[in-house]
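First residue of the sequence shown: 2, per my numbering; consecutive thereafter.
Glycine is no exception: its CB is placed at the ideal position from the N, C-alpha and C atoms.
What you are looking at is a predicted structure, and each value in this text was computed from that prediction instead of being measured.
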Amino acid sequence: MGRDDARGYGRTVDYTDYARRIRSHASLGELSEYGQVNEGGRDYPLFRLIVPGDRWLVITSGFHGEEPAGPLTLAKHLPDIVAYAKSKGVGLRVYPCINPSGFEDGTRYNRSGEKPNNDFMRYEIAPGEWRGELVGDPPILRWALYDGGPKETRAVRSDLARFPAPDAALDIHQDNYLGGVATYAYTFGDKAAYRPLMEAAAAHATVVKSRKVDDNAYADEHGLIVFHDGSVTDWYMRQGVPHAAALETTTPTSQDACDAVNLIWIRGFIDLAARGEGPTR
């Protein structure tokens, strides 16, 4: 979805209205504020919905403010998502909009210009030499949680760390750089598990195949990318979570098409969590 088309919100997004929509789903589970961030003298609540189950899926969305489709999908379709998860015995921890000031302003980063997303962890590639991203697959000495970074990353990382690693983790993004109506995903784990999801998504958006999507990422013939970038899904992969992915749709893609693609992957990840493979160490 382009910045000028927020599907009912106009050019900018009123986070007060968005928060009202999220609060309207309080009956679905345990809806609470895991924190607040202050931007421009205004406090923004950070929401988390927990629905109990035998297995667990974590859904995160809204790290980048000019990528509104994920937060909007969740605000609209949470009842259906929760119903499907319950039918599979899967519990949910949903973080629908991690960067509220960016979401409200339609900007990639928060209002202070900080860059939430890739600050969950760092890699030591040589004694005392740490990197946030691994280009290629170089050997590493160790990885560690990163204590710095934007306030939004610190808040959600701190909350996620309170819970055991889930059975699956899905982070919903958009691509504001590639043109056209398209989709692809950054994934960890068995790629065969994700190919049916991408095939289903192809009914709603062109799958980006066998091409470069940015300086350090190249989609394979199925639209899948492996990239250790210090993100929430990278962190979960390092904790042994067997299924972790960051889903992308391009911002020119209509909200209806984004909803369809997002829901295919959400239901697919509920199914993967239901397998009960659990984190491996």
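Query: Cβ neighbour criterion (16 or more within 10 Å) applied to Ala127; Result: exposed
Query: Distance CB(Glu153)-CB(Asn217) smaller than 8 angstroms; Result: no
Query: Cβ pair Val214, Leu171 closer than 8 angstroms; Result: no
Query: Minimum length 4: unbroken alpha helix (DSSP H) runs contained in the region 116-201; Result: 152-161
Query: Reference Ala275, options Ala166, Arg49, Ile173 and Leu58, closest by Cα; Result: Leu58
Query: Check: Leu47 C-beta below 7 angstroms from any heavy atom of the ligand PLP; Result: Ligands in the displayed structure: none, and consequently the ligand PLP is not present.
Query: Own chain residues within Cβ distance below 8 angstroms of Ile141, not counting five before or after; Result: Tyr124, Glu125, Ile126 and Leu135
Query: Three-state secondary structure (DSSP) of Arg4; Result: Here Arg4 scores only 31 on pLDDT, less than 50, and its place in the model should not be relied on; the value that follows carries that caveat. In the structure shown, Arg4 sits in coil (DSSP, three-state: anything other than H, G, I, E or B).
Query: Continuous beta strand (DSSP E) stretch holding Pro46: start and end; Result: Arg43 to Val52
Query: Between the CA atoms of Glu115 and Asp148 - distance to the nearest angstrom; Result: 15 angstroms
Query: Rounded separation between Pro151 and Ile99 - CA only; Result: 11 angstroms
Query: In DSSP terms, what Val1 is bridged to; Result: In the structure as shown, the chain starts at 2 and stops at 282, and residue 1 therefore has no counterpart that could be examined.
Query: For Gly92, the residue or residues it bridges with in DSSP; Result: Trp57
Query: Residues sharing a beta bridge with Asn263, DSSP; Result: Looking at the DSSP assignment, Asn263 forms no beta bridge with any residue, so it has no partner.
Query: Inter-stretch contact at 8 angstroms, needing at least 3 Cβ pairs: the region 157-173 / the region 191-211; Result: no
Query: Beta-bridge partners of Gly237, as assigned by DSSP; Result: Checking the sequence shown, residue 237 turns out to be Tyr, not Gly. Bridge partners of Tyr237: none, in fact.
Query: Coarse secondary structure for Phe270, derived from DSSP in three states; Result: helix
Query: Three-way DSSP call (helix, strand, coil) for Val83 in this model; Result: helix
Query: Three-state secondary structure assigned by DSSP to Ser62; Result: strand
Query: Tyr16 - containing alpha helix (DSSP H), residue span; Result: Tyr16 to Arg24
Query: Assigned exposure category for Glu31 - 16 Cβ within 10 Å defines buried; Result: exposed
Query: Sequence-distant residues of the same chain with beta carbon closer than 8 angstroms to Arg212, five excluded per side; Result: Tyr219 and Ala220
Query: Any 3 or more C-beta pairs closer than 8 angstroms across the region 61-80 and the region 37-47; Result: no
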